[in-house]
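Asker: There's a structure below that I have some questions on.
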Amino acid sequence: MSLTQVYLGLGSNIERETHLQAGLEALAGFLVDIRCSAVFESQPVGIKSGPFFNFVVSAYTDLPLIELDRRLKFIEADNGRYAPDRKGLPLDIDVLLFGDLVGNFDGLILPRAEILKNAFVLWPLSLIAPDRVHPGVGKSFATLWGEAQIDQVLAPVAFEWRGEQLTPQNLL
């Protein structure tokens, strides 16, 4: 059984710690070798709401892309993402990269465009995978972050999962 490396972006602006912890626990049920970037607080982009916590997860899966995306939607739903009376975004999990796939896969466009547009995606990705090359651009994420001119303010925040501090002290 071959494994594919995936990078996922996670975010929440409602009960942020609770929903992100729940999301990580759900992911741990079917992904292996989960590694998390530092966690950042950011202002919302494209919606009116309170600030978000965002970070990137690297992991491996034996699932096909469409099945992985389906499971992520179930995790979001379990955390109230699609509830009609929700007041914000309890949990958002996006596939950023799936191996080196480039293209449109049943409406899922990879690599995800937000990588190059949003600091809350690119900075954590550059920390967790600095030497990884963006399959569509051909530059490493560290280089892309160094060249980025994105007008968004991020603040690293302390965040713990399974007793491990995700955000290094040198960023806090």
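Final position of the sequence shown in this note's numbering is 236; the numbers increase by one with none missing.
Glycine included, each C-beta is placed from N, C-alpha and C at the ideal position.
1) Starting from Thr82, follow the alpha helix (DSSP H) in both directions and report where the run begins and ends.
2) Check whether the region 216-227 and the region 173-187 are in contact - that is, three or more C-beta pairs closer than 8 Å.
3) At 3 residues or longer, what runs of the beta strand (DSSP E) sit wholly inside the region 92-129?
4) In whole angstroms, what separates the C-alpha of Phe162 from that of Arg196?
5) Can you look up Asn77 in the DSSP assignment and give me helix, strand or coil?
6) Go through the region 158-232 residue by residue and report every complete run of the beta strand (DSSP E) that reaches 3 residues or more, in order.
7) According to DSSP, what are the bridge partners of Leu72?
Answerer: Answer, in terms of the structure:
1) Arg80 to Ala92
2) yes
3) 96-100, 103-106 and 116-125
4) 13 Å
5) coil
6) 167-169, 172-174 and 218-221
7) Val121 and Val159
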